[in-house]
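One structure below.
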Amino acid sequence: MPTTSASDGTSLHYRVIGDGPRTVVFVHGWMVSGAVWNSLVERLDLTGLRLVIPDGRGTGQSGKPTSGYTLQGLAQDVLAVADAAGAKRFTLVGHSMGGQLAQWVAAQVPERVEALMLVNSVPASGIPFPPDAAALFRTSAGNRDKQLTIVTLCTNKLAPELAEEMLKDAANTCAPAIESNFDAFTAGGFADKLSAITAPTLVVGTDDAFLPHAFLRDAIVKPIRRARLAYLPGAFHYPQVERPAELAGMISAFLAGSAPA
1 MPTTSASDGT SLHYRVIGDG PRTVVFVHGW MVSGAVWNSL VERLDLTGLR LVIPDGRGTG
61 QSGKPTSGYT LQGLAQDVLA VADAAGAKRF TLVGHSMGGQ LAQWVAAQVP ERVEALMLVN
121 SVPASGIPFP PDAAALFRTS AGNRDKQLTI VTLCTNKLAP ELAEEMLKDA ANTCAPAIES
181 NFDAFTAGGF ADKLSAITAP TLVVGTDDAF LPHAFLRDAI VKPIRRARLA YLPGAFHYPQ
241 VERPAELAGM ISAFLAGSAP A
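Quick note, the sequence shown lines up with residues 1 to 261 if you use UniProt numbering.
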């Protein structure tokens with residue numbers, strides 16, 4: 001499995017699947033690692049594609065430092081992996097906080113991002129949490145019961161074996177990543193940069209109560225000039241785990257419709 005180093009020397013682990021000419025970078029969200037994409041990747045048509053799937057710092061097989069958990073730092077880690085994989089131009093698929101990081105990258109280096117797919121993405125402006133929910137999420141590091149509560153809240157009748165896979169993944173995420181990433185994604189702070197995004201953008205919403213369609217439309221779709229909203233019913237926050245075949249189909253259709261000239 002390849003690794004590269006972040007600007008502060010942190011080891012960043014990533015996987016490369018496929019050897020096609022088009023690179024698609026998958027960016028995971030809070031509490032989990034790149035493993036959250038596994039069920040979807042198994043169902044995705046890889047013809048012509050090369051997938052690059054990082055583990056963010058503090059998660060999976062990447063290094064677990066005590067610092068560097070800012071939106072800018074995490075987005076720069078994504079770019080470090082893209083550079084290491086030799087991807088001068090790429091498509092980004094980001095989920096939740098990973099969608100927020102994908103927006104940062106697409107706004108910062110628009111010339112490198114050929115298309116952008118945001119799945120139940122946190123907006124660049126952040127997302128408010130009620131105090132009790134914030135306390136649950138922020139203090140969940142290493143606490144199986146709290147993380148099970150979070151997985152249960154964020155999924156729609158998920159099969160026990162799939163929930164167990166998510167919990168095993170989450171158990172390997174270090175406390176600084178849990179705490180500081182939560183602070184970073186809830187605060188946001190770069191909504192004014194979204195006008196710089198030039199890539200065709202698909203924002204995917206589900207039946208996730210935390211991210212209703214009207215909120216996604218106002219906070220993400222409207223500020224990005226080439227964005228539109230799609231709906232995947234039946235899933236809550238983790239459609240790549242809950243409805244992997246359907247989301248894989250949406251990704252394939254989006255890639256086909258946004259192929260670079």
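Just so it is clear, CB atoms sit at the ideal spot from N, CA and C, and this is done for glycine as well.
Burial state of Ala214 is exposed, judged by a 10 Å Cβ sphere holding fewer than 16 other Cβ atoms. Counting C-beta pairs closer than 8 Å gives three or more between the segment 176–186 and the segment 47–64, which meets the contact rule.
Secondary structure note for Pro54: its beta strand (DSSP E) is the uninterrupted segment 49–54. DSSP, reduced to helix, strand and coil, places His213 within a helical segment of the structure shown. For Thr10, no beta strand (DSSP E) encloses it, and the DSSP letter there is neither H nor E. Sequence-distant partners of Leu49 (beyond 5 residues in either direction) whose C-beta falls short of 7 Å from its own C-beta, in its chain, are Gly18, Gly20, Arg22, Val24. A Cβ-Cβ contact shorter than 7 Å links Leu247 with Pro239.
Nearest Cα to Glu114 within the set Ser96, Ala135, Leu92: Leu92. Looking at the backbone, the Cα of Arg226 and that of Thr198 are separated by about 7 Å. The beta-carbon distance between Pro2 and Ala84, rounded to whole angstroms, is 7 Å. This is short enough to meet the 8 Å contact definition.
For Ala199, the three-state secondary structure derived from DSSP is coil. Annotation for Glu114: the continuous beta strand (DSSP E) segment containing it runs 113–119. For Glu242, the number of other beta carbons within 10 angstroms of its own is at least 16, and it is reported as buried. In its chain, beyond the 5 residues on either side, Ala107 have a beta carbon closer than 6 Å to the beta carbon of Lys193. Ile251 and Gly188 have their C-alpha atoms some 26 Å from each other. Gly98 is positioned such that its CB atom lies closer than 7 Å to that of His28. Within 10 angstroms of the beta-carbon of Ser195 lie fewer than 16 other beta-carbons, which makes it exposed.
Under the 10 Å beta carbon count, Arg15 is surrounded by 16 or more other beta carbons and is classified as buried.
In this structure, the alpha-carbon of Gly63 lies about 16 Å from that of Ala75. In the displayed model, Ala227 falls within a strand according to three-state DSSP. For Phe185, there is no enclosing beta strand (DSSP E); the enclosing alpha helix (DSSP H) covers residues 175–187.
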